[in-house]
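A.B. asks: Okay, so the sequence shown: first residue is 0 according to numbering that gives the first Met the number 0, each after it adds one.
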Amino acid sequence: MKYKIFALSVLFILSFSTIAFAFSFQDFFGWFFSLFGLNTDVSGGLSQNEKGFVNSQSMISNETELGNIRQSGEAQEFYNNQQNVTTDYEEEINCDVIVIGGGSGGTAAAIQSARLGAKTCLIEETSWLGGMVSSAGVTAFDGNPSDTKKKAMTVGFFKEFVDRLKNYYNGSLSDCYSIVGCFEPHVANEILKDMASEEKNLKIFYNTYTTEVIKDNNTVKGVLAKNKKNGQKIKFNGFITVDATEYGDVIA
0 MKYKIFALSV
10 LFILSFSTIA
20 FAFSFQDFFG
30 WFFSLFGLNT
40 DVSGGLSQNE
50 KGFVNSQSMI
60 SNETELGNIR
70 QSGEAQEFYN
80 NQQNVTTDYE
90 EEINCDVIVI
100 GGGSGGTAAA
110 IQSARLGAKT
120 CLIEETSWLG
130 GMVSSAGVTA
140 FDGNPSDTKK
150 KAMTVGFFKE
160 FVDRLKNYYN
170 GSLSDCYSIV
180 GCFEPHVANE
190 ILKDMASEEK
200 NLKIFYNTYT
210 TEVIKDNNTV
220 KGVLAKNKKN
230 GQKIKFNGFI
240 TVDATEYGDV
250 IA
């Protein structure tokens, strides 16, 4: 029986591979996800960094729902229930939204959340924002030029970020293989930090990493974190927790 299941699995994979080569990969996955009612038009052809900026806008998007949660008192009741979960911490912070990971997607999600009026805590284990966008010598976004120009360059947070890059370089970015243009990593970091600093509802905890997820059965209620520089242990209570780490450290 197990050999029959294995053979059917191989046949299924080969069939899908044949269909994938018959289409372009982008068209194939667009068709495949459309079977489940999913729309992939916005981020089609974008690199991982670009998708992070684009997709983050839908992670925290319902301002009315967040407002209703706070006004109804559900959030405060939620926070009060956390008092006895653990005692191994030195500071306790209540947030509407906890975003763990200050890469491109995490930073965009945190800023968008704050703009919608949610008290947002962003936990980042390094001293910079943007992840690979602002470190490791990365000086441009990858991606299909035609798709990037048509879609990513005119979409919300990513467009705002690129516009600020252009303003920094007096209206234009230097030429390179990417349609967005080249930029210095430290400039990307500075721009993201400037954008974050403009949001009164956003507080960033740099050099801080998550050590434990606080759960009640299958409900995530917050995280424990530790500052790498001073060793301080912090308990974050959150109504919503977003895992924006590069490797899914929290959800794992």
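A virtual CB, placed ideally from N, CA and C, is assigned to each residue, including glycine.
1) Can you look up residue 225 in the DSSP assignment and give me helix, strand or coil?
2) Span of the beta strand (DSSP E) holding residue 106?
3) With a 10 Å radius around its C-beta and 16 neighbouring C-beta atoms as the bar for buried, classify residue 215 as buried or exposed.
4) Where does residue 250 land, buried or exposed, given buried means 16+ other C-beta within 10 angstroms?
5) State the DSSP-derived secondary structure class of residue 118, mapped to helix, strand or coil.
6) Hey, how far is the Cα of residue 118 from the Cα of residue 183?
7) Buried or exposed, going by whether 16 or more other CB atoms sit within 10 Å of the CB of residue 242?
8) Which residues in the same chain as residue 212 place their Cβ atom closer than 7 Å to its Cβ, once the five residues preceding and following it in sequence are excluded?
9) In or out: residue 234 buried (at least 16 other Cβ within 10 Å) or exposed?
10) Less than 8 Å between the C-beta atoms of residue 110 and residue 209, yes or no?
C.D. replies: According to the structure data:
1) strand
2) Premise fails: residue 106 lies in the alpha helix (DSSP H), 103 to 114, not in any beta strand (DSSP E).
3) exposed
4) exposed
5) coil
6) 31 Å
7) buried
8) 219, 222 and 249
9) buried
10) no
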